[in-house]
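Undergrad: Structure below; questions to follow.
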Amino acid sequence: MNYEHLKKEDPEVYELIQKEAGRQKEGLEMIPSESYASAAVLEATGSILNNKYAENYPGRRYYGGCVNVDLVERLCQKRAKEAFGLGDNYHVNVQPYSGSPANLAVYVGLLNLGDTIMALRLDHGGHLTHGNPANLSAKAFKFVHYEVNAKTETLDYDAIEKLAFEHKPKLIVSGFTSYPRIIDFKRMHEIAKSIGAISMVDMSHISGLIIGGVHPSPFPFTDVVMTTTHKTLRGPRGAMIFCKKEYKEQIDKGVFPGMQGGPHEHTIAGIAVALKESMTPEFKEYTEQIIKNTKALAESLMEEGLKLISGGSDNHLLMIDLRPFGPGRGIFIEKALEAAEISVNKQPIPNDPSPPFYPSGIRLGTPAVTSRGMKEQEMQKAGKLIARIVKEFALTEMPLDREKRASAVKEFAASLENHPTIKEVKSQVIALASKFSVPGVD
Ligand SMILES: *Cc1c(COP(=O)(O)O)cnc(C)c1O
0 MNYEHLKKED PEVYELIQKE AGRQKEGLEM IPSESYASAA VLEATGSILN NKYAENYPGR
60 RYYGGCVNVD LVERLCQKRA KEAFGLGDNY HVNVQPYSGS PANLAVYVGL LNLGDTIMAL
120 RLDHGGHLTH GNPANLSAKA FKFVHYEVNA KTETLDYDAI EKLAFEHKPK LIVSGFTSYP
180 RIIDFKRMHE IAKSIGAISM VDMSHISGLI IGGVHPSPFP FTDVVMTTTH KTLRGPRGAM
240 IFCKKEYKEQ IDKGVFPGMQ GGPHEHTIAG IAVALKESMT PEFKEYTEQI IKNTKALAES
300 LMEEGLKLIS GGSDNHLLMI DLRPFGPGRG IFIEKALEAA EISVNKQPIP NDPSPPFYPS
360 GIRLGTPAVT SRGMKEQEMQ KAGKLIARIV KEFALTEMPL DREKRASAVK EFAASLENHP
420 TIKEVKSQVI ALASKFSVPG VD
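Numbering that gives the first Met the number 0 puts the first residue of the sequence shown at 0, with every later residue one more than the last.
Take a look at the structure:
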C-alpha cells in the first residue's frame, strides 16, 4: 500500500502502521480468527466510499446521491449468495458493522426481549455474544447453555436435544469461536425444528472453509446464518446475515434501524472484493491447505507429548490443553510465544479449573500462515518450536491467590527478556517466516 499522504501529514500514525506491518511480517500469526486481507480488499475498504451516508437499503435510502453505493451493496449481496450457492429463497444483509452487533441484530430482529436462546457456553467454545453474562445479549435475553461432552470434548447432540426439549428456546445457536471439530448443522436445525425454534448458525470462524467446501454448509436448511467477513473469509472487518425469505423483514429491521445507522459502504465494497476472491480455485486451495496445515500442526504437537482438546482438529484451529502442567498457565504461554514472535491467544478450555482471564488453554490456528503459502512442512517445524516453549514455560506456577496473579505475570514477562530459549526460538521463527511474503503487506 502507498501511504505517501499519511506519511507527510501524520508521521506518528504512519510510523505505527509501519511497525505493525513489520510485526505482521516478521513472526508467525497463529490466532485462528485472523488471516491476511488482499491488497485489493484493503484498497476498496480504504476508498472514498467512506464518505457516503446511505441509511436504509438500496432503492429506499434516507439520503440522496446513493446511486453508486446502491450498486456496490447489491453487487455484494449478489456475490454473497453466489459464494454460498444460494437461490431466491435466501436473503442477505451485508450492513452489520461486525459480528457482535450482527448477532445482537438477529436477536433483536427475531425475538422479544427476555425470550430464551440456547447456545454453547463461552468456556466450552461459544462467543461472548452467545449469552456471556458480561455481554448485552445476556442482559436482554435469557440464555440456556449447552456444553461439550466432558470425555470427548465434542458436541453431544442427544444432550443438546434433551436440553432443548426441557427449555423450549425460541432460537438455537450453533457455530462457535473455539471448537476444533466439524459441526453437524443439519442435526442442530432438526433439533430446533422439533421444538418449533428458529435455527441460527454463527459461522464467523469457518465461513471461508464452507465456501471452499472443506466444512459442511449450514445451507440450504438453516433459518438464519451470520458470519463475520474478516476471519477465514479474508475480507474487511464486517459481517453478513443470511436468512430465509420469511425472516427478511425482521432481520433487515433488526440491523437498521434496530442496531445501526448508516452502513459502511467502503467496508461493503471490501466484502464484495473478498467474496469475488473466495470463488476462485486459489481460494479453494487455500482452504484445503488450512485443513492439511492444522492436521500437520496437531500431529507435530502431539508427537511432542502435548494434549489437544478433543484429541485433534478437523478445521482451522486447535487448542492445547495445559492442565497437565497445572491450572492457569495459558497466559504464560501466550506471553512466551509472543516474545518468540508467534501470536496466539490464551483460551478457556472445557471444564477449565481456572477463570477466563487466567485460563488453562492456548488456541492456535493456521489461516494466516496458510495465506502466506506455508505448508505441512512448515507446520511441523512450527509445532516443534511451540512445543519447546510450552514444555519449558508452562512449568511456571500460577499463584492460587488472585491478588498475586497480575504481578506473577509481570515478573514472568520480565524474565523472558534475553532468555536464551526465547532468543533461539525467535531466531528460528523469523528465519521460517522470512521465506514467505505477506498478502496485503508486502
Ligand atoms: C469473531 C466472532 C464473532 C464476533 O465478531 P466481531 O467482529 O469480533 O464482533 C461472533 N461470533 C463468533 C462465533 C465469532 O467467532
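Quick reminder that beta carbons are idealized off the backbone N, C-alpha and C, glycines included.
In its own chain, which residues sit with a C-beta less than 6 Å from the C-beta of Leu112, not counting the 5 before and 5 after it?
TA: Within the same chain, Leu112 has close Cβ partners Ala139.
Undergrad: Quick one: what's got a C-beta closer than 6 Å to His188's C-beta in the same chain, skipping five residues either side?
TA: Ser198, Phe220, Thr221.
Undergrad: Hey, how far is the Cα of Ser359 from the Cα of Asp351?
TA: Rounded to whole angstroms, Ser359 to Asp351 spans 6 Å at the Cα level.
Undergrad: CB Gly174 to CB Asp201, shorter than 8 Å?
TA: Yes.
Undergrad: Compare the C-alpha of Glu146 against each of Met378, Ile16, Ile348, Gly439 and name the closest.
TA: Comparing Cα-Cα distances from Glu146 to each of Met378, Ile16, Ile348, Gly439, the minimum goes to Ile348.
Undergrad: Quick check on the DSSP output: what are the complete alpha helix (DSSP H) runs of length 4 or more inside the stretch 86-151, in order along the chain?
TA: Runs found: 98-109, 135-139.
Undergrad: Ends of the beta strand (DSSP E) at Gln346?
TA: 344-346 is the span of the beta strand (DSSP E), which, as asked, contains Gln346.
Undergrad: Based on the DSSP output, what are the partners of Phe241 in its beta bridges?
TA: According to DSSP, Phe241 bridges with Val91, Val224.
Undergrad: Should Lys24 and Val440 be called a contact, given that it needs their Cβ atoms to be closer than 8 Å?
TA: Going by C-beta atoms, Lys24 is nearer than 8 Å to Val440.
Undergrad: For Leu208, count neighbouring C-beta atoms within 10 Å of its own C-beta (all shown protein chains included) and say buried if the count is 16 or more, exposed if not.
TA: By the 10 Å Cβ count, Leu208 comes out buried.
Undergrad: Considering only the alpha carbon of each residue, which of Met225, Ile388, Glu28 lies closest to Gly372?
TA: The shortest Cα separation from Gly372 among Met225, Ile388, Glu28 belongs to Glu28.
Undergrad: Can you grab the Cα-Cα spacing for the pair Thr231 / Ala43, in whole Å?
TA: Taking the straight line joining both Cα atoms gives about 19 Å.
Undergrad: Report yes if the C-beta distance between Gly364 and Pro31 is below 8 Å; otherwise report no.
TA: Yes.
Undergrad: Taking 8 Å as the limit between beta carbons, can you name the residues of its chain near Leu110, skipping five residues before and five after?
TA: Cβ neighbours of Leu110 beyond the five flanking positions: Ile116, Phe140, Lys169, Leu170.
Undergrad: Give a yes or no on contact between the stretch 57-77 and the stretch 269-282, applying the rule of three or more CB pairs nearer than 8 Å.
TA: Output reads yes: the stretch 269-282 touches the stretch 57-77.
Undergrad: Can you tell me whether Ser433 is buried or exposed, with buried defined as 16 or more other CB within 10 angstroms of its CB?
TA: Burial call: exposed.
Undergrad: Evaluate Ala191 with the Cβ neighbour count: other Cβ atoms within 10 Å of its Cβ, from every protein chain shown; 16 or more gives buried, anything less gives exposed.
TA: That one is buried.
Undergrad: Measuring CB atoms only, is the stretch 384-399 touching the stretch 420-429, in the sense that at least three cross pairs come out at less than 8 Å?
TA: With a cut-off of 8 Å, the stretch 420-429 and the stretch 384-399 count as touching, because enough Cβ pairs lie within range.
Undergrad: Would DSSP call Asp251 helix, strand or coil?
TA: Correct three-state label for Asp251: helix.
Undergrad: Ser277: which of Leu399, Ala20, Ala39 sits nearest, CA to CA?
TA: Nearest C-alpha to Ser277: Ala39.
Undergrad: Please name the residue, chosen from Leu103, Thr279, Gly261, that lies closest to Ser59 on a Cα-to-Cα basis.
TA: Looking at the sequence provided, one finds Arg at residue 59 rather than Ser. Among Leu103, Thr279, Gly261, the Cα nearest to that of Arg59 belongs to Gly261.
Undergrad: Using DSSP with H/G/I as helix, E/B as strand and the rest coil, what is Asn350?
TA: Correct three-state label for Asn350: coil.
Undergrad: Please state whether the Cβ-Cβ distance between Val223 and Val105 is less than 8 Å.
TA: Going by C-beta atoms, Val223 is nearer than 8 Å to Val105.
Undergrad: Between Lys334 and Ile319, what straight-line distance do the alpha-carbon atoms span, to the nearest angstrom?
TA: For Lys334 and Ile319, the distance between alpha carbons rounds to 15 Å.
Undergrad: Go to Arg362, then tell me how far its alpha helix (DSSP H) extends in each direction, as first and last residue.
TA: Unbroken run through Arg362 is the beta strand (DSSP E), 360-364; no alpha helix (DSSP H).
Undergrad: Spatial neighbours of Asp69 within its chain, please: C-beta separation below 7 Å, excluding the five flanking residues on both sides.
TA: For Asp69, where only same-chain residues beyond five positions count, the Cβ hits under 7 Å are Pro57, Gly58.
Undergrad: In terms of alpha-carbon separation, which member of Ser299, Met301, Ala393 lies closest to Gly325?
TA: Cα-wise, what sits closest to Gly325 is Ala393.
Undergrad: Does at least one heavy atom of ligand 1 sit under 7 Å from the Cβ of Asn92?
TA: Asn92 Cβ: outside cutoff for every heavy atom of ligand 1.
Undergrad: Below 7 Å, is the gap between the Cβ of Ala367 and the nearest heavy atom of ligand 1?
TA: Answer for Ala367: no, Cβ out of range of ligand 1.
Undergrad: Is it buried or exposed, Thr279, if we count other Cβ atoms within 10 angstroms and call 16 or more buried?
TA: Result: exposed.
Undergrad: Taking three-plus beta-carbon pairs below 8 Å as touching, is the stretch 249-257 in contact with the stretch 308-319?
TA: The stretch 249-257 vs the stretch 308-319: no contact.
Undergrad: Can you give me the start and stop residues for the beta strand (DSSP E) that Ser206 sits inside?
TA: No beta strand (DSSP E) holds Ser206; the alpha helix (DSSP H) holding it covers 206-210.
Undergrad: Any contact of the stretch 295-305 with the stretch 147-166, i.e. 3+ C-beta pairs under 8 Å?
TA: Touching, no, given that fewer than three Cβ pairs across the two stretches are closer than 8 Å.
Undergrad: Just tell me which of Arg404, Gly257, Lys283 has its CA closest to the CA of Val107.
TA: Checking every option, the nearest Cα to that of Val107 belongs to Gly257.
Undergrad: Just the Cα atoms here: how many angstroms apart are Lys18 and Lys244?
TA: Whole-angstrom Cα-Cα distance: 46 Å.
Undergrad: Count the other C-beta atoms from every protein chain shown that fall within 10 angstroms of the C-beta of Gln94, then say buried if there are 16 or more, exposed otherwise.
TA: Result: buried.
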